[in-house]
Every structure is written in structure tokens, then in C-alpha cells.
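Asker: This structure is in C-alpha cells; I'll ask about it shortly.
Residue numbers (the UniProt record's numbering): 1 to 297.
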């Protein structure tokens, strides 16, 4: 069985390939069962190896550089953060017909939150803010540039193209107005700091109702950290946003910039993944609706 394809140029990855790679490169784990992990992730395929490990294989060439980045930076970041993050325990090489490097991590227990079914949304908001704040405090010296640490203006062309592609599916006039308001905001000033870059529901783990882990650090880096405000719209209900915002001391301009980030990400994702990744497409629709309602209110 191969992972469902989302990109025209992605590698063929399946259980048999992962078994061969493990057997060739990590024989100490060759007897462990290999099970695909259901995920809304787009750049990597995940397979559980036994009870305690997970293999993470880039689907596309554009994600290959993240392997080296995660291997290098996750061990540095982990001691500074309030919840566990992936711990690399193996670095795979090309083999068995697979062309790129890949990783083995320790398995992190927890469940992804379900939007609209958060029993303790304000507590989760504070947990997420604590994680973001701790990440921002890690010294940024030498850190790689964040893939989403740039000004919003650099996303203008693909965001407008996505709005055009969504004509008839969303209120494109309202989306354009909110996007243009975000573009008009002042850029962030200040030194670059760390951000995760993709705090989506699929990258958040809960035990009970509380944050117990954060995964998928492929976009981690230093720059403008505003993108890490996006859980306010992709996960938290409106009533819990104020707790998240207050814990991060986000002023009006920063908050509005974060809303612009959430909108841009959702707009670009929806037309690309609407037929290939139902979970991500559904969350993108949710974000667009939440952002437009928030802006109108």
C-alpha cells in the first residue's frame, strides 16, 4: 500500500519500501511492524515502527532539506520547550529505489485535536501560547531562516491567484478585502526569533484536553514569528482567542498580521488540496470562514 498521492512529482512510498529501508539501514529494527500513520500532512509520509518509533519520509524534493534541519535543530530546541517534540534517533539515506534522505524519530503519544470539540479550549490556548513564547525565547543565533518568516507582501501573488481559483467557492470579495487590509499593515520590526511555522491541528498533540506535544518542524526557523498566531483561527474557537492573544501580548497590528497569515495559508491550500487532502481542505474552509467573520466583527 502506498501513501495517497497529493503532488504530481511525489515519490512512491509504501509499507514495503519502508520495510526494505529499515531492513537495509537499521537492521536492529527490522523485525518491528510497519504501519502507515493517518495524517493530513502534505510534505512527508509517516509510518509507525513498532510501538516506539516513526519513520518520516519526504514525499517531494522540496521537503528533503528539512531532514538535515530537523536532525540538527530539534535536539537543540527540545530542552527549551514545555512539551515534547520529535526526537531524531536515525538518519536514513537513499536506498531501495527511494531517492532522498529520511528520518526515524521516537514516537510521541497523543491525539490531534478536533476543531469544534475542545473541552478545555482556554487551557489549550494558554498551553499553545506557552509553547510559542518558549520557542521565541530560544537564542536565534545561527538558526536557519523560517520558511514563513517573511513579510506578508511576499505571499501576495500566490494568495491572489488562490482567491481567483476559489471564485464560486468562497466570498472572494470579502477575502480580497481582508487580505488587502493585512498587506497594508506595518511590517514587524525587531530581531529575528524562532517560529514553528505550521501550528495546524494536525501538528498538535493532546493528552486529555491539554497540549502534550508538537510535531512536524519542517518549517522551523528564525524570522518574523507572526505565523505562529495561526492556531487562533485554525484550531481555537472565538471565545478562546483572547486567552491566546493575551498570553502572547500580541498588539492590534501583530494580531491582524497573524490573521492575514492564517487567511493566506488557508486560501493557498484549499484549491491545491481540495480533491487530495479532505482534512486539510476542510480546515482551510474553516479558517477562511473564521477569519472573515472575525474581520467583519
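Note that beta-carbon positions come from the ideal geometry of N, C-alpha and C, so glycine has one too.
Predicted model only: the values in this text are computed from it and were never measured.
Are there 16 or more other CB atoms within 10 angstroms of the CB of residue 264, so buried, or fewer, so exposed?
Answerer: For the purposes of this step, residue 264 is taken as the residue at position 264 of the chain shown. Flag for residue 264 reads buried.
Asker: To the nearest angstrom, report how far apart residue 1 and residue 38 are at their CA atoms.
Answerer: As a first step, residue 1 is located in the chain shown; it is residue number 1 there, counting from the start. As a first step, residue 38 is located in the chain shown; it is residue number 38 there, counting from the start. Low local confidence applies: a pLDDT of 48 at residue 1 is under 50, so the model's placement there is unreliable, with the coordinate-based value given in what follows. Looking at the two C-alpha atoms, the distance is approximately 13 Å.
Asker: Could you pull the start and end residues of the beta strand (DSSP E) that residue 66 belongs to?
Answerer: As a position in the chain shown, residue 66 is number 66, starting the count at 1. No beta strand (DSSP E) contains residue 66, which is instead part of the alpha helix (DSSP H) from 65-77.
Asker: Give the list of continuous beta strand (DSSP E) stretches no shorter than 3 residues that lie fully inside the stretch 174-217.
Answerer: You should have 193-195, 204-207 and 210-214.
Asker: CB-CB under 8 Å to residue 253, same chain, minus the five flanking residues each way: which ones, in chain order?
Answerer: Reading the chain shown from its first residue, position 253 is the one you call residue 253. So the qualifying residues of the chain are 185 and 186.
Asker: Looking at the unbroken alpha helix (DSSP H) that takes in residue 22, where does it start and where does it end?
Answerer: Here residue 22 refers to the residue found at position 22 when the chain shown is read from its first residue. Its alpha helix (DSSP H) spans residues 15-25.
Asker: Considering Cα atoms alone, identify which of 231, 219, 237 and 251 is closest to residue 73.
Answerer: Residue mapping note: residue 73 aligns to position 73 of the chain shown, counting from 1. Comparing Cα-Cα distances from residue 73 to each of 231, 219, 237 and 251, the minimum goes to 219.
Asker: Please list the terminal residues of the continuous alpha helix (DSSP H) segment that includes residue 258.
Answerer: Looking up residue 258 in the chain shown gives position 258. Residue 258 -> alpha helix (DSSP H) spans 252-273.
Asker: Looking at the unbroken beta strand (DSSP E) that takes in residue 139, where does it start and where does it end?
Answerer: Position 139 of the chain shown, counted from the start, is the residue given in the question as residue 139. Looking at the DSSP string, residue 139 is not in any beta strand (DSSP E), and its letter there is neither H nor E.
Asker: Determine the direct distance from the alpha carbon of residue 30 to that of residue 52, and round the result to whole angstroms.
Answerer: Start at 1 with the first residue of the chain shown, and residue 52 comes out as number 52. Start at 1 with the first residue of the chain shown, and residue 30 comes out as number 30. Approximately 13 Å between the Cα atoms of the pair.
Asker: To which residues of the same chain is residue 125 closer than 6 Å at the C-beta, ignoring the five residues directly before and after it?
Answerer: By 1-based counting over the chain shown, the position of residue 125 is 125. So the list reads 236, 240, 243 and 244, once near-sequence residues are dropped.
Asker: How many Å lie between residue 234 and residue 200 at the Cα?
Answerer: Mapped onto the chain shown, residue 234 falls at position 234. Mapped onto the chain shown, residue 200 falls at position 200. Cα-Cα distance, rounded: 6 Å.
Asker: Who does residue 57 pair with in a DSSP beta bridge?
Answerer: Position 57 of the chain shown, counting from 1, holds the residue named residue 57. Its beta-bridge partners are 45.
Asker: Checking 8 Å against the spacing of the C-beta atoms, do residue 71 and residue 58 come in under that value?
Answerer: The sequence position of residue 71 within the chain shown is 71, counting from 1. The sequence position of residue 58 within the chain shown is 58, counting from 1. Contact flag unset, no.
Asker: Could you tell me which of 153, 5, 21 and 76 sits nearest to residue 41, measuring between CA atoms?
Answerer: Your numbering for residue 41 matches position 41 in the chain shown. With distances taken between Cα atoms, residue 41 lies closest to 5.
Asker: Please state whether the Cβ-Cβ distance between residue 152 and residue 261 is less than 8 Å.
Answerer: Here the question's residue 152 lines up with position 152 in the chain shown. Here the question's residue 261 lines up with position 261 in the chain shown. Taking 8 Å as the Cβ cut-off, residue 152 and residue 261 qualify as a contacting pair.
Asker: To which residues does DSSP link residue 105 through a beta bridge?
Answerer: The residue you call residue 105 lines up with position 105 of the chain shown. DSSP output for residue 105 lists 54 and 88 as bridge partner(s).
Asker: Please report the distance separating the alpha-carbon of residue 145 from that of residue 198.
Answerer: Here the question's residue 145 lines up with position 145 in the chain shown. Here the question's residue 198 lines up with position 198 in the chain shown. Near 14 Å, if we compare the C-alpha coordinates of residue 198 and residue 145.
Asker: Between which residues of its own chain and residue 210 is the CB-CB distance below 8 Å, once the five residues before and five after are set aside?
Answerer: For the purposes of this step, residue 210 is taken as the residue at position 210 of the chain shown. Only 120, 123, 124 and 127 meet the Cβ criterion.
Asker: Contact defined as beta carbons within less than 8 Å: I believe residue 193 pairs with residue 136. What is the distance between those atoms, to the nearest angstrom?
Answerer: Start at 1 with the first residue of the chain shown, and residue 193 comes out as number 193. Start at 1 with the first residue of the chain shown, and residue 136 comes out as number 136. 5 Å between Cβ atoms; contact.
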